[in-house]
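Heads up, the thing below is written out as structure tokens.
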Amino acid sequence: MAEETKEKLLETEAVRERIESLKKSVDEMAEYVGIKERRERLAALEAQQSEPDFWNSQAKARDVIAATNAERAYTVPFDALVKTVEDAGVMLELAEMEEGEAQQGALRDTLSECDKADGYFSKIRLQSLLGGKFDQCNVFVKLHAGQGGTEACDWVTMLYRMYKRYAEDQGWKIEEYDSQPGEEAGLKDVYFRVEGSYAFGMLKAERGIHRLVRISPFDANKRRQTSFASMETIAEINEDIDVEIKDEDLRIDTYRSGGAGGQHVNKTDSAVRLTHLPTGIVVACQKERSQHMNKEKAMNMLRAQLYEYYEDQKKAEMDRFYGAKSENGWGSQIRSYVFCPYTMVKDLRTEYETSDVNGVMDGHIQPFIEAWLQMKAKKG
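Just so you know, we're using my numbering here: the sequence shown kicks off at 591 and counts up by one.
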């Protein structure tokens, strides 16, 4: 009986040590993210929103709201973290008042609360890595088939599904703008917009060339094939950022959008393609049945691409936002997805890898994104 009591005391002491470690980490995290200063900024921003003339300037109001959300992205999970650690301490005190199985159950509940605190720590650490100018923005994404023919077009479809699954897990919204089908299967290109908190900050980690190795379902001889697809990201900029687009620099083409056919087919030339003649940038949208709405969405995408283009020119850094352009083929990939002869997904920039290929294709790509963000933070 004495030995049994000793084991329980040791287990209780181990839980106590973990809670004390969490409390210490909370203090370190508060200083690391500057939580005191963030609370002060948040209070000042909320005070501005309560002023009677707050909405007189729409652009200024949007900036204040965006800044408010940025501060809350830190303070809300931090407050939840503090409460969770405090709750764990109270639960430990209650556990110490119990005996036998009741105590063991209370200790397990306490450890569960500690695990929850670890989750908040991870969220705040990740948040601290997203401090770029446009990281909070929505994002435009383009997937494009590279070397590999029909196999590459099918690979684009697979990647599109992967990013849609990831977006769903994040609570984001995806809106397809335009797509071009492959000759036999899959997609040559697909353009879509992702709407959600820090969508650009997260998905910018994915831009580059993605390489697939598998037994091709399109090869009657069941040979192993390698194919490539590129992923590009463009931050959706605020309307108040001035980007000049002259009418004479713009060519507007309309065409009949694709669709399901039958009674749902769009019988008017509602799809819109915009070509910016000085830069050669082309964007298109065919999602809406209204030509006016498609043009508006395409203009929004064009503004974002032009802003990025001009920023790159001013700074002479073509990889400032979307990485250096690489050939969509051998030797330039950022990540390899191997289905055969073994299963592995490996990021060649961070060396992070996993054998859970199916999980990755189901959208479980957060570890790759976090590894890249951590690498970028270390490099400064």
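Cβ coordinates follow ideal geometry from the N, Cα and C atoms, glycine included.
DSSP on residue i, reduced to helix/strand/coil?
i      : result
Pro771 : strand
Ser718 : helix
Glu943 : strand
Thr674 : helix
Lys723 : coil
Lys598 : The pLDDT assigned to Lys598 is 49, lower than 50, so where the model puts this residue is not dependable; a value taken from the coordinates is nonetheless given after this. Note: Lys598 maps to helix in three-state DSSP.
Met934 : strand
Glu691 : helix
Ser860 : coil
Lys706 : helix
Lys763 : strand
Gly739 : coil
Arg801 : strand
Lys836 : coil
Val950 : helix
Gly613 : It should be pointed out that residue 613 corresponds to Lys in this sequence rather than to Gly. Note: Lys613 maps to helix in three-state DSSP.
Lys732 : strand
Ala620 : helix
Asp653 : helix
Check for me: the beta strand (DSSP E) holding residue i runs from which residue to which?
i      : result
Cys727 : No beta strand (DSSP E) holds Cys727; DSSP gives it neither H nor E.
Lys778 : 777–785
Arg841 : 840–845
Gln923 : 923–928
Please list, in chain order, all residues of the same chain as residue i whose beta carbon is under 6 Å from its beta carbon, the five residues on each side excluded.
i      : result
Thr865 : Arg841, Val872
Asp779 : His734, Gln770
Tyr845 : Asp859, Ala861
Tyr756 : Gly953, Ile955
Ser817 : Gly738, Glu741, Ala742, Trp745, Leu802
Val950 : Val935
Glu878 : Asn884
Phe724 : Phe790, Ala825
Gln895 : Ile824, Ile871
Ser847 : Asn856, Ser860, Ala861, Gln876
Thr747 : Gly776, Leu777
With a threshold of 8 Å between beta carbons, is residue i in contact with chain C?
i      : result
Ile959 : The displayed structure is made up of one protein chain only, and chain C is not part of it.
Sorted by chain position, which residues of the same chain lie with C-beta nearer than 7 Å to residue i's C-beta, five sequence neighbours on each side aside?
i      : result
Thr933 : Ser945, Val947
Met681 : Ala696, Asp699, Thr700, Glu703
Ala707 : Leu612, Leu671, Thr674, Val675, Ala678
Leu632 : Thr658, Glu661, Arg662, Thr665
Lys732 : Asp779, Tyr781, Glu822
Glu636 : Thr658
What residue range is occupied by the uninterrupted alpha helix (DSSP H) comprising residue i?
i      : result
Gln959 : Note on identity: in this sequence residue 959 is Ile, with Gln being the wrong assignment. Start and end: 956–969.
Arg631 : 625–639
Ala644 : Reading off the sequence, residue 644 comes out as Phe, not Ala. First-last for Phe644: undefined, no H or E at that position.
Ala789 : 789–793
Beta-carbon within less than 8 Å of residue i's beta-carbon, same chain only, minus the 5 sequence neighbours each way: which residues are those?
i      : result
Leu720 : Gln726, Tyr788, Gly791, Met792, Leu963
Val729 : Arg783, Val784, Ala789, Phe790, Leu793, Lys794, Thr823, Ile824, Ala825, Glu826
Phe929 : Leu802, Val803, Arg804, Ile805, Val947
Gly852 : Annotation note: pLDDT 38 at Gly852 (below 50); position unreliable, no value reported.
Ile655 : Gln639
Leu892 : Ile835, Leu864, His866, Ile871, Val873
Pro868 : Asp839
Glu943 : Met934, Val935, Lys936, Asp937
Tyr622 : Ser718
Handout entry: Three CB pairs or more closer than 8 Å across the region 740–751 and the region 773–784
Key = Verdict: yes, contact present.
Problem - Runs of beta strand (DSSP E) lying entirely within the region 862–890, each at least 3 residues, in chain order - result: Here the runs fully enclosed are 871–875.
Handout entry: Segment contact, 8 Å Cβ cut-off, at least three pairs: the region 805–813 with the region 821–837
Key = The region 805–813, when compared against the region 821–837, does not touch it at the 8 Å Cβ threshold.
Practice task
Write down every uninterrupted run of the beta strand (DSSP E) in the region 806–834 whose length is 3 residues or greater and which is fully enclosed by it, in chain order.
Solution key: Within the region 806–834, the complete beta strand (DSSP E) runs of at least 3 residues are 814–825.
Exercise for the section: Take every Cβ of the region 747–761, pair it with every Cβ of the region 947–960, and state whether three or more of those distances are shorter than 8 Å. Expected result: The region 747–761 is in contact with the region 947–960.
Practice task
Would you check if the region 642–659 and the region 671–681 touch, i.e. whether three or more CB-CB distances between them fall below 8 Å?
Solution key: Per the Cβ contact rule, the region 671–681 is not in contact with the region 642–659 (fewer than 3 Cβ pairs under 8 Å).
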